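Okay, so here's the structure we're looking at.
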Amino acid sequence: NKEQAEAVRNTEGPLLVLAGAGSGKTRVLTHRIAYLIEEKGVFPSHILAITFTNKAAREMRDRVDTLIGESAHDVWLSTFHSFCARFLRMEIEHLGTYAKNFVIYDASDSKSLIRECLKELNIDEKHTAPGAVQSHISDAKNRLLDVKAFTAQATDFFGEQVAKIYELYQSKLRANNALDFDDLLMLTVELLSNNAEIREKYQKKFQYILVDEYQDTNGAQYAITKLLAAGHRNICVVGDADQSIYGWRGADMRNILNFERDYPEATVILLEQNYRSTKNI
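Sequential numbering from 7 applies to the sequence shown in my numbering.
Right, dumping it as C-alpha cells:
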C-alpha cells in the first residue's frame, strides 16, 4: 500500500515506522533492503539489519534471498547478539582483555559460574539464590553498569552481595576467555564508545541500518544502534509502542517514544491508519 511503499523508498535520513501486528512490517523491511541494493546500488555489505529472535532473522533472510538472490548474502542480517559476536570476533583484542577465540557462556554456564563464585565467597545459596544474582548482573550489564558502577549504586545488603559476586564472576570470565550473552552487548558498546578508530570504521561501513521491534531494545542495544548510526544517520526503526514484550530483559519503551528527540529530522510513517504519533503519546 501507499504507506508501505513510502517506508521502502524513504531511504535517506532517520525513519520511524510505527507498525502494529499484521501491518506488513517484515515485508517493508525486506523490500527496503531489496530497494537499497537493486534501485539505489548500495553494496549489500553496507547494510545492517537487526531483529530480536533467530526465527525472525531467518524469516527475514529467506525473504530477502527470495527477492534478490545471492547478492543478499553479504547483508549483515542477524539478531543483536549474533551481530555483536561477529563484531567482537574481529575487534575484541582492541580491549586488551580477551582473545578472538573467546567462548560464549549460555545461561546454564553462567549460572554454574555464579554458583562457583558463591561457594568461593562463602555465600549461602539458600539466602542468595544464583538465579536472582544472575538476573541482577544481567540487568546491570543491559544498563551498561560495570562492576565499579554497580558497586557504587548498591544500597542494601543484597545489592552489596551481588556486587561482590559480580566482581568475582567477571574475573573468572576473563580468566576463561569467556563472555556471557550480556557481555556481547556491553563490550560492543565499550569498544564503539572508547575506540574512535573502530567506531568510525563501522560508522562508515554501515551506510544503512534497519532495526525491527525497536520498542524491545534495552539500554545496551539502544546505545549500539545510536553509535553505529551517528555517521550516515540512515537508520530505519520499526516498532509498536503497544507491544513491548521484553520488559523483563530491560527493554526501555522510551527508546521508541524518544526517537524523534534523538533524530529531530526523522520522518514518521504510520502503517496503521489509527496509529498515534509518538509526539502525542
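C-beta: ideal position from N, C-alpha, C; glycine also. Quick caveat: nothing in here was measured; it's all calculated off a predicted structure.
Just to confirm before moving on: does the CB-CB distance between N195 and A229 stay below 7 Å?
Per the sequence shown, the amino acid found at residue 195 is Val instead of Asn. Contact: yes.
With burial defined as no fewer than 16 other Cβ atoms inside 10 Å of the residue's Cβ, what is the status of W254: buried or exposed?
Note that W254 scores 45 on pLDDT, short of 50, meaning its location in the model is unreliable; the coordinates nonetheless yield the value given after this. With fewer than 16 other Cβ atoms within 10 Å, it is exposed.
I'd like to know whether the C-beta of T194 is nearer than 7 Å to at least one C-beta of chain B.
No chain B is part of this structure, which consists of one protein chain only.
Taking a contact to mean a Cβ-Cβ separation below 7 Å, would you say E9 touches L277 in this structure?
yes
Take F86 and list the residues in its own chain whose beta-carbon comes closer than 6 Å to its own, dropping the five residues that flank it on each side.
Within the same chain, F86 has close Cβ partners I56 and Q227.
Does the Cβ of K61 have 16 or more other Cβ atoms within 10 Å, making it buried, or fewer, making it exposed?
It counts as exposed.
Measuring CB to CB, does I74 end up less than 7 Å from I43?
yes
Less than 7 Å between C-beta atoms, sequence neighbours within five positions excluded: which residues of the same chain meet that for K211?
H52
Roughly how many whole angstroms lie between the Cα atoms of L119 and K178?
L119 and K178: Cα-Cα distance of roughly 8 Å.
CA-CA distance, I215 and F58?
One Cα belongs to I215, the other to F58, and the distance between them is close to 15 Å.
Can you tell me the Cα-Cα spacing of T270 and N264, whole angstroms?
The question names Thr, yet the displayed sequence has Pro at residue 270. Cα to Cα, P270 sits roughly 10 Å from N264.
Roughly how many angstroms lie between the CA atoms of E203 and R95, to the nearest whole one?
17 Å
Does the distance from the CB of A78 to the CB of V70 come in under 7 Å?
yes
Leaving aside the five residues before and after H37 along the sequence, list all residues of the same chain whose C-beta is less than 8 Å from its C-beta, in chain order.
Q10, V14 and L73
Less than 7 Å between C-beta atoms, sequence neighbours within five positions excluded: which residues of the same chain meet that for F156?
A146, A169 and Y172
Identify the continuous alpha helix (DSSP H) that holds I262 and give its terminal residues.
Here the alpha helix (DSSP H) through I262 covers R260 to L263.
What ranges does the beta strand (DSSP E) occupy inside the region 20-96, keeping only unbroken runs of at least 3 residues that lie completely in it?
21-24, 53-57 and 82-85
Just how far apart, CA to CA, sit G19 and R149?
27 Å
Whole alpha helix (DSSP H) runs in the region 101-136 with 4 or more residues, listed along the chain?
Qualifying alpha helix (DSSP H) stretches, in chain order: 113-126.
Within 10 Å of its beta-carbon, does A40 have 16 or more other beta-carbons around it, so buried, or fewer, so exposed?
Classification of A40: buried, given that the 10 Å Cβ count is 16 or more.
Report yes if the C-beta distance between Y208 and C123 is below 7 Å; otherwise report no.
no
If V48 and V34 are in contact, beta carbons under 8 Å, what's the gap, nearest whole angstrom?
No, V48 and V34 are not in contact; Cβ-Cβ is about 17 Å, not under 8 Å.
Using 10 angstroms around the beta-carbon of F163, count the other beta-carbons present and answer buried if the total reaches 16, otherwise exposed.
It counts as exposed.
Just how far apart, CA to CA, sit S88 and L190?
9 Å
Leaving out the 5 sequence neighbours to the left and right, which residues in its chain are closer than 7 Å to L197 when beta-carbon positions are compared?
The residues are E97, H100, L101 and I204.
Output the distance between the C-alpha atoms of V81 and P50, rounded to the nearest integer angstrom.
Between V81 and P50, the alpha-carbon positions lie close to 5 Å from each other.
According to DSSP, T273 sits in a beta bridge with which residue or residues?
L21
Determine which residues share a DSSP beta bridge with I215 and list them.
L54 and I241
If you follow the beta strand (DSSP E) that D186 is part of, which residue opens it and which one closes it?
A184 to D186
Determine the contact status of D186 and Y111, defining contact as a CB-CB distance below 7 Å.
yes
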